[in-house]
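*Asks:*
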Amino acid sequence: MVVDIHIPCLIDQLNPETGFNMVKVLEYLECKVNYDTEQTCCGMPAYTNGNFDDAKLIGEKFIREFQYDRHAVSISGACVGAVRQWYTHLFNNSMLHNPCKRLQKNLHEICEFIVDVLKKEDLGLSLAAKVCYHDSCQSLKSGIKTAPRTLLHNIKGIELIEMTRPEECCGFGGFFATDHEDISVSLAEQKVNDALKTGAEYIVSNDPGCLMHMDAYIKKKNLPLKSVHIVDLLARAIG
0 MVVDIHIPCL IDQLNPETGF NMVKVLEYLE CKVNYDTEQT CCGMPAYTNG
50 NFDDAKLIGE KFIREFQYDR HAVSISGACV GAVRQWYTHL FNNSMLHNPC
100 KRLQKNLHEI CEFIVDVLKK EDLGLSLAAK VCYHDSCQSL KSGIKTAPRT
150 LLHNIKGIEL IEMTRPEECC GFGGFFATDH EDISVSLAEQ KVNDALKTGA
200 EYIVSNDPGC LMHMDAYIKK KNLPLKSVHI VDLLARAIG
């Protein structure tokens, strides 16, 4: 199966290894990966800051970058959520109405792609680690909750321990973290403390922004916890 991939801005600029690990996981699953090197942002930062005109311009380019009617895979639950939810507001009844609907249908977060499209739950992997899982706000709004846990449960040696409030916001929210720093840090503290109570070694998520935000708090406080993208965990198990 040929799939187009979406590399989020934060991965492209700060954690490119996670992007390579995405390719590693998809190729392990016998997918042929196509990546447009001219690919840019989905427009979510502009949209969340209220710059709808800019978000629409960026979104138009993003839609055209995924012009083929085939599956597209992203490693950001937030970006997938933005396309599925906010693009309707930007492009409904416009010239890009149909291409937008097609992309909304074809774009998948990588865990739901593996579980729901490829119909694979047990990838035959093993890795010894104690983990907890953080649900990003946009992932939850898009119904992405079960698939990541299904994959984690089926990795031999992984102990998945649920936090008391796994769905609670971590405080990132794009520009929210800079516009409302005190609230953002307080939410990160609550989330990280919830993770620490599980005794997990890793807090896992499918959202680069959440992971970056929580990791900054963890490192600042020198806490015995590491944040990791679920794709990096899968790639580590593949070897």
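In terms of our numbering, the sequence shown is residues 0 to 238.
For each residue, glycine too, the CB sits at the ideal point set by N, CA and C.
Predicted, not measured: the structure shown is a model, and the values here were computed from it.
1. List, from N- to C-terminal side, the alpha helix (DSSP H) runs of 4 residues or more that fit wholly inside the stretch 112-168.
2. Considering only the beta carbon of each residue, do residue 23 and residue 1 sit closer than 7 Å?
3. Return helix, strand or coil for residue 33, following the three-state DSSP convention.
4. What does DSSP give as the partner residues of residue 68 in its beta bridges?
5. For residue 165, tell me which candidate among 180, 181, 189 has the shortest Cα-Cα distance.
6. Where residue 224 and residue 231 are concerned, what is the direct C-alpha to C-alpha distance, given to the nearest angstrom?
7. What residue range is occupied by the uninterrupted beta strand (DSSP E) comprising residue 108?
8. Based on DSSP bridge pairs, tell me the residues matched to residue 201.
9. For residue 34 and residue 160, what's the separation of their Cα atoms in angstroms?
10. In the DSSP assignment, find the unbroken beta strand (DSSP E) run with residue 4 in it and report its ends.
11. Quick one: what's got a C-beta closer than 8 Å to residue 163's C-beta in the same chain, skipping five residues either side?
12. Secondary structure at residue 93, three-state DSSP: helix, strand or coil?
13. Which residues does DSSP pair with residue 73 in a beta bridge?
14. Which residues bound the alpha helix (DSSP H) around residue 39?
15. Quick check on DSSP: helix, strand or coil for residue 192?
16. Please list, in chain order, all residues of the same chain as residue 81 whose beta carbon is under 6 Å from its beta carbon, the five residues on each side excluded.
17. Count the other CB atoms within 10 Å of the CB of residue 213; is the residue buried (16 or more) or exposed (fewer)?
18. Measure the alpha-carbon distance for residue 64 versus residue 3 and round it to whole angstroms.
19. Comparing alpha-carbon positions, which option in 107, 88, 132 lies nearest residue 77?
*Replies:* This is what the structure gives:
1. 136-140, 145-152
2. By 1-based counting over the sequence shown, the position of residue 23 is 24. By 1-based counting over the sequence shown, the position of residue 1 is 2. Contact flag unset, no.
3. The residue you call residue 33 lines up with position 34 of the sequence shown. Residue 33 falls in the strand class under three-state DSSP.
4. One-based indexing of the sequence shown puts residue 68 at position 69. Per DSSP, none; premise fails for residue 68.
5. Here residue 165 refers to the residue found at position 166 of the sequence shown. Closest in C-alpha terms to residue 165, from the list 180, 181, 189, comes 189.
6. Residue 224 sits at position 225 when you count from the first residue of the sequence shown. Residue 231 sits at position 232 when you count from the first residue of the sequence shown. Answer to the nearest angstrom: the Cα atoms are 16 Å apart.
7. Indexing the sequence shown from 1 puts residue 108 at position 109. Element bounds for residue 108: 106-108.
8. Here residue 201 is taken as the residue at index 202 of the sequence shown, counted from 1. Per DSSP, 130, 225.
9. Indexing the sequence shown from 1 puts residue 34 at position 35. Indexing the sequence shown from 1 puts residue 160 at position 161. Approximately 35 Å between the Cα atoms of the pair.
10. Walking along the sequence shown from the start, residue 4 turns up at place 5. Where residue 4 is concerned, the enclosing beta strand (DSSP E) stretches over 1-5.
11. Counting from 1 along the sequence shown, the entry for residue 163 is found at position 164. Closer than 8 Å at the Cβ level, and outside the excluded window around residue 163, lie 193, 196.
12. As a working note, residue 93 is residue 94 in the sequence shown. The DSSP-derived three-state label of residue 93 is coil.
13. Locating residue 73 in the sequence shown gives position 74, where the first residue counts as 1. DSSP lists 5, 108 as partners of residue 73.
14. On the sequence shown, position 40 is the one that residue 39 refers to. Careful: residue 39 lies outside any alpha helix (DSSP H) and carries neither H nor E.
15. Here the question's residue 192 lines up with position 193 in the sequence shown. The answer is helix: DSSP assigns residue 192 an H, G or I state.
16. Mapped onto the sequence shown, residue 81 falls at position 82. Taken in chain order, the residues that qualify are 41, 43.
17. Here residue 213 corresponds to residue number 214 of the sequence shown, with the count starting at 1. With 16 or more Cβ atoms within 10 Å of its Cβ, residue 213 is classed as buried.
18. Position 65 of the sequence shown, counted from the first residue, corresponds to residue 64. Position 4 of the sequence shown, counted from the first residue, corresponds to residue 3. About 9 Å.
19. Sequence index remark: in the sequence shown, residue 77 carries index 78 (1-based). Of the candidates 107, 88, 132, the one whose C-alpha sits nearest the C-alpha of residue 77 is 107.
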